[in-house]
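Below is one structure, written out as structure tokens; the observations come after it.
In mature numbering (1 follows the signal peptide of the UniProt record, and there is no 0), the protein residues as written are -20 to -1, 1 to 131.
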């Protein structure tokens, strides 16, 4: 049961990854600075020291923002049929990592993003509950037609 939970959380972290920031490790018993022991397998864009509650929360946010379930990014183990959250078998998972990195960079570079601030660019900003964001032409009002000057 614990292994199942850890696998699930690891997969969720990989997908979510709204935190592209690198965490600094603690110096403990001669361990290398900059390294953090992680309970998660295969986290590539999320911080290694993310808590289980934070990871689950991020995954729920991603699910809602894209209107998907876990199996959109995470693959099932072919032998057991159970979700293998650390697997990279689905291309959607890698794409999610790129998107998480993109939103993190947008917030940090262009909006002086403060993690305490509730206003930020997120998956929902564009996706609004859809797997593929709508085109701006589908959601933006039409530009007003300017009459040409009469002669």
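All C-beta atoms, glycine included, are put in the ideal place defined by N, C-alpha and C.
| Asked | Found |
| --- | --- |
| Residue 81 versus residue 22 - alpha carbon distance | 16 Å |
| Closest Cα partner of residue 105 within the set 96, 83, 125 | 83 |
| Buried/exposed call for residue 8, threshold 16 Cβ in 10 Å | At residue 8, the pLDDT of 39 sits below 50, so the modelled position is not reliable; the number obtained from the coordinates is stated separately. By the 10 Å Cβ count, residue 8 comes out exposed. |
| Helix, strand or coil at residue 56 [DSSP, three-state] | strand |
| At least 3 beta-carbon pairs within less than 8 Å: the region 66 to 75 vs the region 31 to 40 | no |
| Cβ-based burial, residue 87 [other Cβ within 10 Å; buried from 16] | buried |
| Between the CA atoms of residue 76 and residue 89 - distance to the nearest angstrom | 20 Å |
| Proximity of residue 91 and residue 101 at Cβ, strictly below 8 Å | yes |
| Proximity below 8 Å, CB of residue 56 to CB of residue 62 | yes |
| Span separating the alpha-carbon of residue 110 from that of residue 29 | 30 Å |
| Option in 52, 79, 45 with minimal Cα separation from residue 26 | 79 |
| Closest Cα partner of residue 20 within the set 41, 60, 64 | 64 |
| N-terminal and C-terminal residue of the alpha helix (DSSP H) that residue 37 is part of | 32 to 46 |
| Local Cβ density within 10 Å of residue 31, reported as buried at 16 or more and exposed below that | exposed |
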